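Using the working numbering, the first residue of the sequence shown is number 7, and each one after it goes up by one. We put the CB at the ideal spot given by N, CA and C, even for glycine. Note that the structure is predicted; figures quoted are calculated from it, not measured.
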Amino acid sequence: MPISSSTTDAPRFMASTWHKRTPSLRQPLSWLAYKLMYKGQQEKRMGKVPVLSGSLSHTFMVPRALVSLVLLPILIRHFTPYLPSFILFFPAPLLPVLLFTFAYNLIGITILLLINRLCDTYGFFDGAVKRDVIPDAKLNETMLGVVLLTVLRPVVGTMMLWNDWETKGAASGWDLTQWGWWAMGLPFRLLICSVVMDFWFYVSHRSMHEIPWLWKFHKVVRFAVSLSLPTRELTDNSLFSASHGEASLPTMSAFGDWEHNFLDSFVIPGLTLITYKVDFGTWWFSALYTLFNESASHSGVRVLWRAPIGGWVLSLLGMDQCTEDHELHHRLGWRKSFNYGKQTRIWDTIFGTKGERLETKEEYLQL
Ligand SMILES: [Zn+2]
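Shown next, in the form of structure tokens:
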């Protein structure tokens, strides 16, 4: 039986047909991919590159983060007395872990749907090059990586920080003045979180690009990133050589080896919390904004869209990160790439690995 592929010259193992038919619910991972991954047209867009303001990101994210942070604890306090007593003996706060993990995933889905819409409206960078799609043979593995990432992160954060947050809040009687002070300091704490996390990400990411035995864990991810969100992903990976010179779509950030997924979902967030321990509420905002920016920066959407945390301030120093920066990172591989940061370009500037923007140079922007 002939196997068709969206990539005309792709070898057989690269065939990608899953997005052409609705899978049954008996294949939950394929169904999830079909519903969430970008399936629109990839037309070449001309003209100046639009600029998306940071207020769009905040208008989208703040209500979601705030409503869940206020509403879920009320539900948790209400339902905890009705839980069977054995649940109280679990080492983790079970109800908070379940509810915040559910909310994280729900909000993640709305982020993906927003980005898919923006991709339809604005198209992709380097539009003449067709973007990659996940091959059928790698679909389940990719989606399992997505699920692992979106479950591990909220589980770990809630386990580490929830009890402290709840105890301190209860002790203060959920005093509104205290909330006001907390909210005023939030942007500052989020910026520190972002910079600290980006440091650990920079170190691990650059190491994988420069230390031979680590590259094997990263090259698959790079290929994957390019396949799920409308991310462009070029690889120096002979296994996936068909993706050379091509681009990827928005969900690929989670496609990779288990070791890599574990690093991204557990080790880097854990190191960030050890280096800069924040309260649960700040962590919740930070985790959601990180997911937002990771999805945007892997989408390849043809706009100047800065990472929302500190983006405007950092742009004055030339250290902001926008969608094109990570896109350009994916076009080069082993020991040739640049822009290793994922939230900012602070560490790339300090360590001399900042790359030049191509399509989002000042003179090409629709201001
Ligand atoms: Zn990389």
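Three or more Cβ pairs closer than 8 Å define a contact, and the segment 55-67 falls short of that threshold against the segment 25-42. Counting of Cβ neighbours within 10 angstroms places residue 336 among the buried residues, the total reaching 16 or more.
By the CB criterion at 8 Å, residue 359 and residue 346 fall inside the cutoff.
Residue 223 and residue 265 do touch by the CB rule: their CB atoms are close to 5 Å apart, below 8 Å.
Going by DSSP, residue 57 is part of the beta strand (DSSP E) stretching over 55-58.
Residue 295 holds the alpha-carbon nearest to the alpha-carbon of residue 111 among 295, 178, 273.
For residue 369 against residue 131, the beta-carbon gap comes to about 16 Å, at or over 8 Å, which does not count as contact. Taking 4 residues as the shortest admissible run, the segment 265-342 contains the following complete alpha helix (DSSP H) segments, listed from N- to C-terminal end: 274-281, 286-303, 317-322, 329-335. In this structure, ligand 1 has a non-hydrogen atom nearer than 7 Å to the beta-carbon of residue 335. By the beta-carbon neighbour count (other beta carbons within 10 angstroms, threshold 16), residue 307 is buried. For the 8 Å CB-CB criterion, residue 178 and residue 350 do not form a contact. The C-alpha of residue 60 is placed about 22 Å away from the C-alpha of residue 353.
Residue side-chain check: residue 200 keeps its Cβ at 7 Å or more from all non-hydrogen atoms of ligand 1. Approximately 5 Å separates the beta-carbon atoms of residue 126 and residue 46; this is inside 8 Å, confirming the contact.
Distance between residue 98 and residue 185, taken at the CA atoms: about 25 Å. The three-state reading of DSSP puts residue 371 in strand, counting E and B together. The DSSP-derived three-state label of residue 195 is helix. Residue 130 is bridged by DSSP to 307. Contact annotation: the segment 276-288 touches the segment 189-204, with at least three C-beta pairs closer than 8 Å. For residue 23 and residue 341, the gap between their C-alpha atoms comes out near 33 Å.
A Cβ-Cβ contact shorter than 8 Å links residue 269 with residue 210.
For residue 364 and residue 215, the gap between their C-alpha atoms comes out near 22 Å. For residue 59, the shortest separation between its Cβ and any heavy atom of ligand 1 does not lie below 7 Å. The beta carbon of residue 348 sits closer than 6 Å to the beta carbons of 207 from its chain, once the five residues preceding and following it are set aside; these are given in chain order.
Proximity of the beta carbon of residue 25 to ligand 1 is not indicated: no heavy atom of the ligand is located closer than 7 Å.
Ranking 297, 288, 315 by CA distance to the CA of residue 114 puts 297 first. Residues 105, 106, 109 of the same chain have their beta carbon placed closer than 7 Å to that of residue 78, with the five preceding and five following residues left out of the count. One thing to note: residue 302 has its Cβ within 8 Å of the Cβ of residue 329. With a cutoff of 7 Å, residue 213 does not count as near ligand 1, since its C-beta is closer than that to no heavy atom of the ligand.
A residue is called buried once 16 or more other Cβ atoms fall within 10 Å of its Cβ, and residue 372, having fewer, is exposed. Sorting 356, 174, 219, 195 by C-alpha distance to the C-alpha of residue 293 places 195 at the top. Cα atoms of residue 288 and residue 30: separation of roughly 39 Å, rounded to the nearest angstrom.
For residue 162, the uninterrupted alpha helix (DSSP H) segment begins and ends at 145-177. The nearest non-hydrogen atom of ligand 1 is less than 7 Å from the C-beta of residue 343. The nearest non-hydrogen atom of ligand 1 is 7 Å or more from the C-beta of residue 304. In this structure, DSSP gives residue 137 an extended state, which the three-state scheme calls strand.
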